[in-house]
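Those letters in the sequence shown? Residues 3 to 139, per our numbering, in order.
Data first, discussion second: the structure below is written as structure tokens.
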Amino acid sequence: RMHNMLCVPVKGSDGCLGVLQMLNKQGDADRFSPHDERLAARFGGMIAYILQGVRELEQVTDVWELEQKLLAAERKSSLDEDIFNTVIYDVSKLLDADRASLFLVSEEGDSLYTMVAKDTQPIRVPSDKGLVGYVAR
């Protein structure tokens with residue numbers, strides 16, 4: 003059950019890459035504060051930096067460079083999900099959120115899907131629907 007929500011865009015140099023969502027502020031406060039919003043926005047910036055790095059690896063065309071970067075990415079790829087899980091977990095603890103999710107914009111740009119969904123099943127929503135769709139615009 004949702005009592006309150008905090009969403010911040012995950013913005014890269016090419017626009018919105020996703021949305022960081024926190025649900026149900028815990029502890030003494032009954033809602034997320036402006037300080038919580040600033041912290042979430044900072045983590046959103048860090049997530050964007052990581053995502054852009056991964057996407058840049060995918061755009062390399064030189065074969066030798068591609069092979070080298072793919073080898074490095076292969077070693078790193080198993081960590082990527084762990085990195086995002088760790089960041090989302092840490093943000094939710096820092097902001098005393100009951101649950102947290104990281105929604106990414108699909109390649110087509112027509113939907114958002116959860117890459118990380120703490121304590122919930124994977125979710126996919128149209129990019130023009132709901133609060134995460136609004137934040138992604």
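The beta carbon of each residue, even a glycine, is placed where N, CA and C say it ideally should be.
Ordered along the chain, which non-local residues of its own chain (more than five positions away) have a Cβ less than 8 Å from that of residue i?
i, result
"Ser15", "Gln54"
"Ser80", "With a pLDDT of only 48 at Ser80, under the threshold of 50, the placement of this residue in the model should not be trusted; the figure read from the coordinates follows. So no residue of the chain qualifies."
"Arg13", "According to the sequence shown, residue 13 is Lys rather than Arg. Answer for Lys13: Leu19, Gly46, Gly47, Ala50, listed in chain order."
"Ala43", "Val10"
If you compare alpha carbons, which of the options is closest to residue i?
i, options, result
"Pro36", "Leu97, Val118, Ala119, Thr116", "Leu97"
"Leu41", "Lys131, Tyr115, Leu133, Val89", "Val89"
"Gly111", "Met4, Arg3, Gly17", "Gly17"
"Ala119", "Gln23, Pro11, Arg3, Val10", "Gln23"
"Lys131", "Asp84, Asn87, Leu114", "Leu114"
"Arg139", "Val10, Arg126, Gly29", "Val10"
"Glu109", "Ser94, Asn87, Pro128, Asp92", "Pro128"
"Gly29", "Ala99, Tyr91, Asp84, Ile85", "Ala99"
For the alpha helix (DSSP H) containing residue i, list its first residue and its last residue.
i, result
"Leu133", "132-138"
Taking residue i and residue j to be in contact with their CB atoms under 8 Å, please state how far apart those CB atoms are, rounded to whole angstroms.
i, j, result
"Asp32", "Leu8", "At roughly 13 Å, the Cβ-Cβ gap does not stay under 8 Å, so Asp32 and Leu8 are not in contact."
"Val21", "Val137", "5 Å"
On the DSSP bridge list, what partners appear for residue i?
i, result
"Val10", "Leu22"
"Thr116", "Phe105"
"Gly17", "Gly14"
"Lys27", "Ala99"
Over what stretch of residues does the beta strand (DSSP E) that includes residue i continue unbroken?
i, result
"Arg126", "126-128"
Keeping to the same chain, check which residues put their C-beta closer than 6 Å to that of residue i; ignore five residues upstream and five downstream.
i, result
"Asn6", "Lys27, Arg33"
"Asn87", "Val118"
Could you check whether the Cβ of residue i sits closer than 7 Å to any heavy atom belonging to the ligand COA?
i, result
"Glu39", "In terms of ligand content, the structure shown is empty, and the ligand COA therefore cannot be addressed."
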